[in-house]
Amino acid sequence: MMEQAWLLPALPALAFVVLALGHFLFSRYIPRGGDFIAIGAMAASFVLMVLVSLDLFDQLPALAADLQNNTSGFDWVKVEEIDFVLRVGFLVDQITVVMLIVVSFVGLMVMIYSLGYMRGEPRYGWFYAVLSLFVACMLTLVLADNFLLLYVVWEGVGICSFLLIGFYWERRPAAEAAKKAFITTRLGDVAMLIGIIMLWRETGTFDMSAIFHAAEEGEIGQTYLTVATLALFGGAMGKSAQFPFHVWLPDAMQGPTPVSALIHAATMVVAGIYLVARTMPLFEASDEWLLYFVIVVGMITTFMSAFMGLVMTDIKQVIAYSTLNSLGLMMVSLGLGEPGVAPAMLYLFAHAFFKALLFLAAGSVIHATEHQEVDHLGGLAAKMPITHWTFAVGALAMAGMIPLSGFWAKDEILAIARDESPVVLLFLLLSLPVTALYMARVYMLTFQGEPRDHHAFEHAHESPPVMSLPLIVLAVLAAVSGFVVFDAVGEAVGFGSGFLAMVENVFGEAHDFEIDWLVLVLSTALVAGALVVGWDAWTGERAMAREAAARAPFLYQLFSNKFYVDAFYQWVIDQVVLGFAKIIAFFDRAVVNDTGVNGPGEFTGATGWVLKHAQTGRLPNYAFAIIAGVVVLAIAGYAARG
1 MMEQAWLLPA
11 LPALAFVVLA
21 LGHFLFSRYI
31 PRGGDFIAIG
41 AMAASFVLMV
51 LVSLDLFDQL
61 PALAADLQNN
71 TSGFDWVKVE
81 EIDFVLRVGF
91 LVDQITVVML
101 IVVSFVGLMV
111 MIYSLGYMRG
121 EPRYGWFYAV
131 LSLFVACMLT
141 LVLADNFLLL
151 YVVWEGVGIC
161 SFLLIGFYWE
171 RRPAAEAAKK
181 AFITTRLGDV
191 AMLIGIIMLW
201 RETGTFDMSA
211 IFHAAEEGEI
221 GQTYLTVATL
231 ALFGGAMGKS
241 AQFPFHVWLP
251 DAMQGPTPVS
261 ALIHAATMVV
271 AGIYLVARTM
281 PLFEASDEWL
291 LYFVIVVGMI
301 TTFMSAFMGL
311 VMTDIKQVIA
321 YSTLNSLGLM
331 MVSLGLGEPG
341 VAPAMLYLFA
351 HAFFKALLFL
361 AAGSVIHATE
371 HQEVDHLGGL
381 AAKMPITHWT
391 FAVGALAMAG
401 MIPLSGFWAK
411 DEILAIARDE
421 SPVVLLFLLL
431 SLPVTALYMA
441 RVYMLTFQGE
451 PRDHHAFEHA
461 HESPPVMSLP
471 LIVLAVLAAV
481 SGFVVFDAVG
491 EAVGFGSGFL
501 AMVENVFGEA
511 HDFEIDWLVL
521 VLSTALVAGA
531 LVVGWDAWTG
541 ERAMAREAAA
551 RAPFLYQLFS
561 NKFYVDAFYQ
571 WVIDQVVLGF
581 AKIIAFFDRA
591 VVNDTGVNGP
601 GEFTGATGWV
611 LKHAQTGRLP
621 NYAFAIIAGV
631 VVLAIAGYAA
641 RG
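With my numbering, the residue at position 633 of the sequence shown is 633, and numbering never jumps.
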C-alpha cells in the first residue's frame, strides 16, 4: 500500500476541485454545499492512512537501512543532456506516518465538527472546498521526498491559511489578520526558498536523501551548509510562528474556530516542526551554533507566549498562546539534536489531540454563548457538561498533568534536556508553572464561578451531537495517547518497538523508554502546585489575581501589550518602511516617471511649441529672420577673427 500513498492527498484535492466547481458553477446541483464529499474524501484518506501505516510497520524490519529509498512517484521534468530531473515523489517513513495520523485524523474530526459549527454560514460549500485543499497540501508536504515539491505545497498551505483566516473577509479584522499571516510567513518562505536554491546549486538535486547524504559525507562546505540550513530554518520559524514571526498566530483567531483547530493542531504551524525534524541531518552536519540558535528561538517563544497567555481575555487567544508555548517547547527539543527528534514528534502527536480538543471546545462555548471574552463567561460547567469535561481534559493535558498525554510528551523532552543540557532543563522547568497557571485561569473564568453575563449564561446550551462527538473522541485521545511512549503500548497499537524507538530508527540507534523519576517528581510538583495556586487565584472575587496585577502593573502592561513587539513592528512599518517607501515613490515619480519617461516627450513638445512661432506663413517675417540671421552670423564671424 505504500506505493499508493499519493492517494492520501489526491482524494481531498479531488474533493476541492469538485466543491470549487460546485460553489462557482453548479451550486444548485450539489446539496449541503457538498460537505459530504469533503468528509467522504477525508474519511477515505484516513482509512488509506491506516493501511499505509500498517504496511510500513510490517515492512519496517526488512526495509531497515533502505528506508530512505522507500519512495514512489514519477518524473515530472527530465532533461537527460544536463542530467536534470524534477520529481513528484513521495516518501513513507516513521516520521511521515506520525504526521499522516495527525493530519488525517484531526482533519476528519474538524470536518465532522464543522457540520454543526458552520451550519447556516454563507459560503458554506467554499469553506469545505478550501478545508479539503488545506489538508491535501499538508498531506503532500508530509509525503514529499524532494524540496521542490515540498516548497510548492508549503506555499499552498500558506494560501489556504490566507483564505481560511480571512473567511469572514467582510470584517476588517479578519481581512487584516489574513494579510498579516500571509505576509509574515512569506518572509520566512523567502529565506526557505533561498536555502533550497543554495542546496540545489551545491548538489545539483532537490532530492532530500541525496542532499542529506552529501551533507553527511562532507560534500558541502560547512559554512555554506550552515547558511543554507539557517535559511531553511527561516521558513520553519515563519510557519511555526517562532519569535520574532509569532505575531500572526494570535490574530489568526479571526478565522472560524474549526480552522483555528486545524491550523494549530495538524497543519500549518506544525509544518515548521516537521521540516526541522525531517532535515535534522542538515542541522547535525552544520556548525554547532545553529542548533543552539534553534534552542534560543524556541526558549524565547516558550517564555513570551506563556506570560502573554497569562493575561489575555479572549478564550481563543489564550489557547493560541498555548500553541506558541508548545511549539517553542518542540523547537527546544529539536535544538537538542537527533536525540530530541523523537520527543518532539511525540509531543507533536499528543499535542494534535489536546490542542484540537481545546479549540473545538472553545468553539462549542462560543457557539452556545456567542461570546469569547472570558469577562462574559463563567459558571458554564453545569450547563455544558460535555464541553466542560472535555475542555478540562484538554487543559490538564496542555498543563502537563500526570497521567495525561501532555505529561508524557513534555517529560520526555525534559528527560532529554537533562541528558543534553541542564541549563535548558532549568529554563523548561521554570516555564511549566506559568503554563499551568494560564490554563487554570482560562478554565476557571470560563466554567467555574458565577456567570458574569447572565444573558449569555441563560442562552448557553450543550452543543449538538455532531459537535460533541468529536470532542469526546479527542478527549479520550488527549487522555491516553501519551501512553504510546511505553514500548508495550506502542507495540500493541502497531508502532513496532514503541513510539520513541520507531522515530529514532529514522536516524540511527533506538533506545528503550525509561521513566526519569527525578524529572517526573519535579515537573508534577511544579504543575500541581501551579494548578492549586491558579484555582485559588481565580476563584470567587479573584482577589489573588487582582492583587498580583495591582502589585506589578508594569509586568501586567508588558504582558497585555505582548511585549510591545506588535507595537514595534507597527512603528517600523509607519516610520521606516513607509518613510523609505515615500522616498522610493518620490524617486519613481520625479526621476523615473516625470524626468526619464515624460521628460523627453515634454521637452520635444516644448521645443515644438517654441519653434511653431517661427512658422507664421508671412514673407516679411521670414525675410526679417534671414536678415537677422545673417547679421548674427556676421557678428559672430567678425568676433571669431578678432
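In this text, a Cβ means the ideal position worked out from N, Cα and C, and glycines have one as well.
So for residue i, helix, strand or coil by DSSP?
{"i": "Trp-6", "result": "coil"}
{"i": "Thr-279", "result": "coil"}
{"i": "Ala-623", "result": "helix"}
{"i": "Trp-76", "result": "strand"}
{"i": "Leu-86", "result": "strand"}
{"i": "Glu-412", "result": "helix"}
{"i": "Thr-302", "result": "helix"}
{"i": "Thr-616", "result": "coil"}
{"i": "Leu-91", "result": "strand"}
{"i": "Glu-373", "result": "strand"}
{"i": "Thr-71", "result": "strand"}
{"i": "Asp-512", "result": "coil"}
Could you pull out every residue in the same chain whose Cβ sits closer than 8 Å to the Cβ of residue i, ignoring the five residues on either side in sequence?
{"i": "Gly-53", "result": "Sequence check: residue 53 is Ser here, not Gly. Correct list, in chain order: Val-97, Leu-100, Ile-101, Gly-494."}
{"i": "Asp-287", "result": "Gln-222, Thr-223, Thr-226"}
{"i": "Leu-520", "result": "Ile-402, Asp-411"}
Suppose you measure from the CA of residue i to the CA of residue j; what does that come to, to the nearest Å?
{"i": "Ala-38", "j": "Leu-414", "result": "40 Å"}
{"i": "Ala-432", "j": "Met-345", "result": "Here residue 432 turns out to be Leu, not Ala, going by the sequence shown. The alpha-carbon atoms of Leu-432 and Met-345 are separated by roughly 19 Å."}
{"i": "Lys-612", "j": "Thr-604", "result": "12 Å"}
{"i": "Gly-335", "j": "Glu-462", "result": "43 Å"}
{"i": "Gln-615", "j": "Val-577", "result": "53 Å"}
{"i": "Asp-55", "j": "Met-138", "result": "21 Å"}
{"i": "Met-308", "j": "Gly-22", "result": "43 Å"}
{"i": "Phe-447", "j": "Ala-381", "result": "5 Å"}
{"i": "Glu-3", "j": "Leu-51", "result": "11 Å"}
{"i": "Pro-553", "j": "Ala-545", "result": "12 Å"}
{"i": "Gln-59", "j": "Ala-144", "result": "20 Å"}
{"i": "Ala-175", "j": "Ile-165", "result": "8 Å"}
{"i": "Met-237", "j": "Gly-188", "result": "7 Å"}
{"i": "Pro-422", "j": "Ser-132", "result": "44 Å"}
{"i": "Ala-231", "j": "Val-92", "result": "25 Å"}
{"i": "Glu-656", "j": "Leu-199", "result": "With the chain covering only 1 through 642, there is no way to say anything about residue 656."}
{"i": "Tyr-443", "j": "Ser-161", "result": "28 Å"}
{"i": "Val-565", "j": "Val-247", "result": "8 Å"}
{"i": "Gly-195", "j": "Tyr-292", "result": "19 Å"}
{"i": "Leu-500", "j": "Tyr-128", "result": "35 Å"}
{"i": "Met-208", "j": "Asn-598", "result": "52 Å"}
{"i": "Trp-535", "j": "Ala-460", "result": "23 Å"}
{"i": "His-264", "j": "Val-592", "result": "46 Å"}
{"i": "Phe-635", "j": "Arg-641", "result": "Before going further, note that residue 635 is Ile rather than Phe in the sequence given. Going from the Cα of Ile-635 to the Cα of Arg-641 covers about 10 Å."}
{"i": "Val-178", "j": "Ala-525", "result": "Looking at the sequence itself, residue 178 is Ala, so the reference to Val does not match. Each residue's Cα considered, the two are about 41 Å apart."}
{"i": "Val-527", "j": "Leu-518", "result": "14 Å"}
Examine the ligand GDP and report whether any of its heavy atoms sits within less than 7 Å of the Cβ of residue i.
{"i": "His-511", "result": "Among the ligands in the structure shown, none appear at all, so the ligand GDP cannot be discussed."}
Counting only the same chain and skipping the five closest in sequence on each side, list residues whose C-beta sits under 6 Å from that of residue i.
{"i": "Ala-644", "result": "Coverage of the chain is limited to positions 1 through 642, which leaves residue 644 absent and any answer about it impossible."}
{"i": "Ala-530", "result": "Pro-433, Ala-436, Leu-437"}
{"i": "Ile-416", "result": "Leu-336, Pro-339, Gly-340, Pro-343"}
{"i": "Trp-289", "result": "none"}
What does a CB cutoff of less than 7 Å around residue i pick up in its chain, not counting 5 residues either side in sequence?
{"i": "Glu-202", "result": "Ile-220, Tyr-224"}
{"i": "Gly-116", "result": "Ser-463, Pro-464, Val-466, Met-467"}
{"i": "Leu-558", "result": "none"}
{"i": "Met-312", "result": "Val-318, Tyr-321"}
{"i": "Gln-94", "result": "Met-502, Val-503, Asn-505, Val-506"}
{"i": "Met-109", "result": "Ala-356, Pro-470, Val-473, Leu-474"}
{"i": "Pro-354", "result": "Looking at the sequence itself, residue 354 is Phe, so the reference to Pro does not match. Within the same chain, Phe-354 has close Cβ partners Gly-394, Ala-397, Met-398, Ser-405, Gly-406, Ala-478."}
{"i": "Phe-427", "result": "Met-299"}
Nearest chain B C-beta to residue i closer than 8 Å, yes or no?
{"i": "Gly-221", "result": "The chain labelled as chain B is not found in the depicted structure, where only one protein chain is given."}
Quick test of the definition: if touching needs 3 or more C-beta pairs under 8 Å, does the segment 320-331 touch the segment 236-243? Contact check between the segment 320-331 and the segment 236-243: three or more CB pairs, one atom from each, fall below 8 Å, which counts as touching.
The segment 439-451 in contact with the segment 331-340 per 3-pair CB rule at 8 Å: Inter-segment contact for the segment 439-451 and the segment 331-340 is absent: fewer than three beta-carbon pairs are separated by less than 8 Å.
With contact counted as at least three CB pairs below 8 Å, one residue from each stretch, are the segment 435-448 and the segment 396-406 in contact? The segment 435-448 is in contact with the segment 396-406.
Entirely within the segment 539-579 and at least 4 residues each: give me those alpha helix (DSSP H) ranges in chain order. Within the segment 539-579, the complete alpha helix (DSSP H) runs of at least 4 residues are 543-551, 553-560, 565-571.
With a threshold of 8 Å, are at least 3 pairs of Cβ atoms found where one atom belongs to the segment 115-134 and the other to the segment 182-201? Output reads no: the segment 182-201 does not touch the segment 115-134.
Along the chain, which unbroken stretches of the alpha helix (DSSP H) at least 4 residues long are found entirely within the segment 97-152? Correct list: 124-143.
I want to know whether the segment 246-255 touches the segment 303-318 - three or more CB-CB distances under 8 Å. Between the segment 246-255 and the segment 303-318, the count of C-beta pairs closer than 8 Å reaches three or more; the two stretches touch.
Stretch-stretch touch, CB-based, cutoff 8 Å, three pairs: the segment 23-30 with the segment 79-94: With a cut-off of 8 Å, the segment 79-94 and the segment 23-30 do not count as touching, because too few Cβ pairs lie within range.
Would you list, in sequence order, the uninterrupted alpha helix (DSSP H) runs of no fewer than 4 residues that lie entirely inside the segment 401-448? Counting only runs that start and end inside the segment 401-448, the alpha helix (DSSP H) elements of at least 4 residues fall at 405-420, 422-447.
Is it the case that the segment 263-277 contacts the segment 203-219, given that we only count it when at least three CB pairs across the two stretches are under 8 Å? Taking 8 Å as the limit for Cβ pairs, the verdict is that the segment 263-277 does not touch the segment 203-219.
Are at least three pairs of beta-carbons, each pair with one atom in the segment 147-165 and one in the segment 40-50, less than 8 Å apart? Three or more Cβ pairs closer than 8 Å define a contact, and the segment 147-165 falls short of that threshold against the segment 40-50.
Does the segment 297-312 touch the segment 348-365, meaning 3 or more C-beta pairs lie closer than 8 Å? The segment 348-365 makes no contact with the segment 297-312; the number of CB pairs closer than 8 Å stays below 3.
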